[in-house]
Every structure is written in structure tokens, then in C-alpha cells.
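The structure appears below as C-alpha cells.
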Amino acid sequence: MKKYCINIDWLELYLNNFWLDQENESNDIKINENLIFENIGYGNKNFKYGFNVYLHGEKFATAFISPRSEILESGSWTMKIENYKLYESEIFNSITEICTAINCNVKNVSRLDIALDGFGFMETMEKAQKGEIFRKGQAKENIYRAPQYTEEKIKRGEYRRTRPITGFDIGSRKSDKYITGYVKTDRILKENKTYIRKVWQKAGLSPHKVERLEVKLNSKYLSKLKIYSRENRLEEFNYDMLKEERNLIAIFKEAIKNNFDFVYNNKSRVEDCTEVQIIDWSKINSARLEKSKAPEPNFIYGMKQTAKNLFKLYLKTSAEYYYKQSIEIAMNYDFLDWLQEKISHWRSEHIKYMTGSNGNYKKTYVHYLGDQLNISNDITDQEKRKAKELELLFKSTQNKIRTGKIKVQENENHRIITEQTELKLKHDRGKRKQTYKA
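Listed below in C-alpha cells is the structure:
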């Protein structure tokens, strides 16, 4: 039984009633204790000044304020919501909180991307390419296939007999409406968006090889869009409609109409052909995570670097608890697949470095004794520099252990990290000196 999960993946709003005085143009703006606009030092083609919006200490959006052109209404501004925030249950309450604090309103939606995650989209396009079914509509399509050669296949002297479809585009990126499809599972770890997998699990969707069908809609398309209300009345689209799952589904259905509709080749005229049911609309769920349960991609990237450094320390010192710590971080932040894929590469890199070009092992220039890292004197200057870099990394990790950022448990022989240890790693967002203007 196929299941699907629908969510907003891009939301950019056009708002009113936000003016900057001369003092605030180049400074950070403190609206209240919970809402701060951090100046980023540049604007865009439509607005003079850009700000990172922090709500309750977390980056919530990027805002552009103060129109360059008189065509735009005075006091108007835009706000693009961070992707990880769109997958939280409190997203619309947070937008309301910002609007209340500033005393502004959402005038319209500048851009809206709706993503439907599920299965069967690539298979459908494959059938259409073989002529088994036909796609309605005249919009241009681009098909992307897996490479014929892969590194593993080349080593074995093999190549793919078939090249499966891995993605497709329908329409033009410059148009008011654009449709794209791809295998989302392959991108999750590369984009550091592990929170999306948690949303899939909550919606009852298996995270194995999930495909995404996504519509990208601009303000021009949305201004002409009409959907049926609960009272079965045809109403013009507005921002408040996004708060209900049924409206998201209705917008999505209208957006893919004709462009992602397929028919069997069983009649002489396309209009008379039997339609192919690609999506079971009754099996669609939407799911969001609790507030602050969706870590932002930059934080996941930081955790990946920590796990990588710990594993490299393990390779160079043979201290097993570094290995266990890197595995535990990957498990806690849901990127174990990524770590396991990288480990073999890091091992081979380490062996290459240690053996050198002549295939003989180099002198070991560091050795691990308890909590100390000792550097051998019988090494070259280049090796000494590398050993010093390793020593700095080692001391940094030991400091994290002492301060509790990395937790360990005492053992009779040496300190090891247990699998039961719960990590409480805090994300240091950087504390630069700021001057807030009310």
C-alpha cells in the first residue's frame, strides 16, 4: 500500500508595515527579548537591507527590508522561512508571533514550493519514456538518468546495462509554475536535512528510496489560483489556506493538472484514453515535528565534522573510545549511513599516507598513552607539523570531555564512552559583539 507525505518546502512571504530609521539601517534590531533582526550587510535587487531573523534564539528566517523602487509599497518587506522550520508544528504560530510583535500583516505569498514524498514517480516517467503510457500537456520535460559507469563498477570492469531515471523536470524554471521530481533519499544526507526522515517516519512513510514530486509556484501563479473551500465555494488563494492539509493537497493537484497526468494508449484520441492513477490522494498525510526537534542543516554539518575528526583521531591514536564517540554522534543525529560510507574512504586515505609512495610504512610519529598524546623526536619537520595539528585536535577533544560537551564513563583500565551515554552537545552559534537598537 502506497503512502505519501505532503509538506511545504519553501515559503517566502510579502509583508507590510516595517520601516527602518537611519540608525537601524546598518545595525541589528532588537524588537523584543525573543525577536532579533541581525544585519547581514547586504540587500537584494528589490530591497536595500538584509537581516537574519532570530526567534527565541534560533534562526527562523531571512528578511529583506526597505524597497529600492517606488513601485513597491512603502514599508513592505519579504521574509523567507528557513527550511527546517517549515517541518515544525509551530511554524504558523511563529509567523503570527513575528507579525504581532512588529504589528504587520502577510499581504501575499511570493513563492511557495509544495513537496509530495512517496514512491512510483520515477517508474511512471520510465513507462512514459518507453511509450507504455502518455503524459498529457505540452510542457517541456528533461529526464536525468543514473551514470552508466560508477567507481565500483569500473573497478570490476562492469557497466550498467540500463540507466534508471533518477530525476526529471517538467516546464521552465522561468515560468510561473515548475514541476520537478527526484529521489529524495539520496539527497537527505548531502543536504544535511536529516529532520525530513523523522517527518517521514511520523507520517508512516518508509525512509527507503523515497521519491519526491515537487511544485514550485511564484506569486503570479498564486494570484490567479482558486480552490474550493470547506463550504464548497471557489475562493481565491490566500496565505491562511496554507494552514490546512486539505488546501495543500488541492493546490498541489491543481498545479500538476495536465502536466503530470498520464493516460494509457488505448484510444485514437488522447481525450478518450483511460487515465492512469499515479497518486492515491486518500493515502496522503502531512506531518511536522515538535518545536526545536528539527536541527538546522548547519548544525548537522557541524556534527558531521565532529564525528569525522573523532574517527581520524581513532585512526591515528588507536584510542577506541574516539571510534565509539563518532558512532554515537552519528546515531544521535541520524547520519550513521553517511559515516559508514565515509569510514572506508578515511581508512584507505590513512593507510595511503602511512605507507607513502614506496609502499613502506612510515615511522609512527605519535603514540597514545592514557590521556596523553606524545610526539616522537625521530621524525621530519613536516611530520612534526602534522603531529602538532593532531595534538591541537586531541587537546580540543579532551577539553570537550572535561567540560561535559562529550560525556565519558570511567573504567578500571581507561576512560571509554558507553553506548548508553546520552550526548548533550550544544550548538555554539558564535557570539559576536552586537549592538541592538530598539
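Residue numbers (the numbering used here): 28 to 465. Note that CB positions come from ideal geometry on N, CA and C, so glycine has one too.
Going along the chain, which residues of its own chain have a beta-carbon closer than 7 Å to the beta-carbon of residue i, five neighbours each way excluded?
i: Q447; result: Confidence at Q447 is low in this model, with a pLDDT of 27, below 50, so its placement is unreliable and no value can be given for it.
i: F276; result: Phe is not the amino acid found at residue 276; the sequence shown has Ile there. Excluding positions up to five away in sequence, the list reads I33, W308 and I311.
i: K29; result: G145, F146, G147, D307 and K310
Assuming residue i is part of the alpha helix (DSSP H), what are its boundary residues?
i: M152; result: F148 to K157
i: V226; result: Y222 to K229
i: C126; result: I118 to I129
i: D213; result: T212 to I215
i: F279; result: E272 to I283
i: Y248; result: S246 to K251
Figure out for me which residue from the options has the closest Cα to the Cα of residue i.
i: E263; options: E272, L269, R257 and K253; result: K253
i: K229; options: K351, K294 and S116; result: S116
i: S199; options: K294, V226 and Q165; result: Q165
i: I278; options: E258, E241 and F289; result: E241
i: E60; options: F119, S371 and I129; result: I129
i: L340; options: N293, W373, K86 and A155; result: W373
i: I141; options: N292, N336, K280 and S375; result: K280
i: K270; options: C300, K157 and I122; result: I122
i: K284; options: K335, Y205 and R260; result: Y205
i: I354; options: E368, T344 and K343; result: E368
i: K343; options: G329, F119, K331 and S375; result: S375
i: Y209; options: R260, L143 and S256; result: L143
i: E124; options: L62, N79, N110 and K157; result: L62
Rounded to whole angstroms, what's the CA-CA distance from residue i to residue j? Just pull it up for me.
i: K112; j: L38; result: 10 Å
i: R172; j: V237; result: 16 Å
i: T207; j: I223; result: 18 Å
i: P174; j: W46; result: 52 Å
i: E466; j: K201; result: Nothing can be reported for residue 466, as the shown portion of the chain is limited to 28 through 465.
i: K211; j: H235; result: 10 Å
i: N286; j: D36; result: 20 Å
i: D288; j: E168; result: 13 Å
i: L232; j: R239; result: 12 Å
i: R296; j: I197; result: 23 Å
i: K163; j: K154; result: 14 Å
i: Y350; j: I378; result: 17 Å
i: K57; j: Y114; result: 26 Å
i: A357; j: E85; result: 23 Å
i: I160; j: H83; result: 51 Å
i: C131; j: D213; result: 40 Å
Residues in the same chain with beta-carbon distance under 8 Å from residue i, minus the five sequence neighbours each way, listed in chain order, please.
i: T221; result: I215, P322, I327, Y360, D361 and F362
i: N73; result: F91, P94, R95, S96, L99 and T105
For a cutoff of 7 Å on Cβ pairs, would you count residue i as touching chain C?
i: N135; result: Absent here is chain C; the protein component of the structure consists of one chain.
Excluding the five sequence neighbours on either side, which residues of its own chain have a C-beta within less than 6 Å of the C-beta of residue i, listed in chain order?
i: Y266; result: V133 and V136
i: G77; result: I67, Y69, G70 and F91
i: Y41; result: T105, K134, N135 and S137
i: K152; result: The residue you asked about is not Lys; residue 152 is Met in the sequence shown. I192 and F195.
i: S249; result: First, the amino acid is wrong: residue 249 is Leu here, not Ser. V136 and F264, listed in sequence order.
i: I370; result: none
i: I108; result: L38 and A88
Got a sec, what are the start and stop residues for the beta strand (DSSP E) residue i sits in?
i: A142; result: V133 to G145
i: C300; result: Per DSSP, C300 belongs to no beta strand (DSSP E) and is neither H nor E.
i: E258; result: It is not in any beta strand (DSSP E) - E258 carries neither H nor E in the DSSP assignment.
i: L38; result: Y31 to L42
i: V290; result: F289 to Y291
i: V80; result: F74 to L82
i: R172; result: E168 to R172
i: S309; result: From DSSP, S309 is part of no beta strand (DSSP E); its letter is neither H nor E.
Whole alpha helix (DSSP H) runs in the region 345-383 with 4 or more residues, listed along the chain? Entirely contained in the region 345-383, the alpha helix (DSSP H) runs reaching 4 residues are, in chain order, 347-359 and 363-382.
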